[in-house]
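Engineer: Sharing a structure with you now.
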Amino acid sequence: MSVLKNLLFLLVFSSSLFASEMVNGKMGILTDGITHASDRDYGIIFNLLLEKLSAQENIKSHLSYYNKASFIIKDFRNHELDYMAINPIFYLQNQEVLDPLTSYFWSVRKYNEKFQKIIIVVRKGDAVSSISDLKDKKVLIKKNNYIGELVLDKAILEKAQVPSRYYIKKLEHVKSDLAAVLKVYFHQGDVALISENAFDLISEMNPAIKKNLVSIYHTENLFMPIISLVHIKTSPQLLPKMKNILKHIHLSREGKNVFDFIKMQEIDILDKKELIPLKNYYNEYLILQEKYGKFDEKR
764 MSVLKNLLFL LVFSSSLFAS EMVNGKMGIL TDGITHASDR DYGIIFNLLL EKLSAQENIK
824 SHLSYYNKAS FIIKDFRNHE LDYMAINPIF YLQNQEVLDP LTSYFWSVRK YNEKFQKIII
884 VVRKGDAVSS ISDLKDKKVL IKKNNYIGEL VLDKAILEKA QVPSRYYIKK LEHVKSDLAA
944 VLKVYFHQGD VALISENAFD LISEMNPAIK KNLVSIYHTE NLFMPIISLV HIKTSPQLLP
1004 KMKNILKHIH LSREGKNVFD FIKMQEIDIL DKKELIPLKN YYNEYLILQE KYGKFDEKR
């Protein structure tokens, strides 16, 4: 906690050094589906970091937090926000509305690769070697891992032609990827859904996990933890300043500390073409839903 307090002091002190005529920049973050976004301490630190870096670019930043996707998307549609950060599931569900309003995208990178692969992990020696074997099994997944839930449902729709809720025994939400893996390791569940990068990191810390757990299914490298959108009506004076902030936010001392705390590496600006494989994957899922039945909509 003392580290947080020291970082807070540095950000408050340094941000007060910048003052001139500024351009307004309005940002929204959807807490639903974004790890740490609802944490008060991290919220304060990130807000101050954003204010400091914005001040260096002569931007007066306004950061708002939302707890419902419909609220933040409504404000984005009405250009109440210049840019917003959301879980990718909400972009996919609303892409027809959002794409015409978006000038460019960026994503937050959690590991070395820009895009992540989702895998399904089981204990070696268990009678689970394929998607078909998930019948009546207990599946562990980190809370708010909406993309992971989509991956599970799509895989079962493809293989068993029924929605996952009718096929598995239970989908149990846990606090973290580590908790999901440990529950499988200690026979408190049958299957864990997790990104391959997260599993590799956990395995490095505990070689016994890599020795005793194995992946039986994986996607392509398609996913990112957060996707952010910049509104097409955002001021031309603001756009290059924002890009400069995104390019350097993780390089400053304070930025590096914040990114270390939230376990993120850097921010990537995305070409729209880079999203095509993800959108194709989601469209395939929608076709399967229409053919075999829809997954419960809880959001």
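Residue 885 in the working numbering sits at position 122 of the sequence shown, and the numbers go up by one each step. Beta carbons are placed, not taken as given, at the ideal position from N, Cα and C, and that holds for glycine. A quick note: this is a predicted structure, and the numbers were derived from the prediction, not measured.
#1: How about the region 878–885 and the region 957–971: do they share at least three Cβ pairs that are nearer than 8 Å?
#2: Considering only residues of the same chain and omitting the five flanking positions on each side of residue 1047, which have a CB-CB separation below 8 Å?
#3: By a C-beta neighbour count over all protein chains shown, 10 Å radius and 16 as the cutoff for buried, is residue 847 buried or exposed?
#4: For residue 951, count the other beta carbons within 10 Å of its own beta carbon; 16 or more makes it buried, fewer makes it exposed. Which is it?
#5: For residue 906, does the three-state DSSP call read helix, strand or coil?
#6: Could you check what DSSP says for residue 891 in three-state terms: helix, strand or coil?
#7: Any idea what DSSP makes of residue 833, helix, strand or coil?
#8: Taking 6 Å as the limit between beta carbons, can you name the residues of its chain near residue 874, skipping five residues before and five after?
#9: Measure how close the beta-carbons of residue 844 and residue 994 come, nearest whole angstrom, since I'm counting them as under 8 Å.
#10: How about residue 1004 and residue 786: do their beta carbons lie closer than 8 Å?
#11: Hey, how far is the Cα of residue 986 from the Cα of residue 904?
#12: With 16 as the cutoff for other CB atoms within 10 Å, does residue 890 come out buried or exposed?
#13: Given a threshold of 16 other Cβ atoms within 10 Å of its Cβ, counted over all protein chains shown, does residue 888 qualify as buried or as exposed?
#14: What is the rounded straight-line gap between the Cα of residue 962 and the Cα of residue 948?
#15: I need the straight-line Cα distance from residue 823 to residue 975, nearest angstrom please.
#16: On the criterion of 16 or more Cβ atoms from any shown chain inside 10 Å, does residue 893 qualify as buried, or is it exposed?
Structural biologist: On the basis of the data shown:
#1: Remark: three or more beta-carbon pairs, one from each stretch, lie closer than 8 Å, so the region 878–885 and the region 957–971 are flagged as touching.
#2: 917
#3: buried
#4: exposed
#5: Three-state result, residue 906: coil.
#6: coil
#7: In the three-state reduction of the DSSP assignment, residue 833 falls in the helix class, which pools H, G and I.
#8: So the qualifying residues of the chain are 960.
#9: 7 Å
#10: yes
#11: 16 Å
#12: exposed
#13: exposed
#14: 12 Å
#15: 52 Å
#16: exposed
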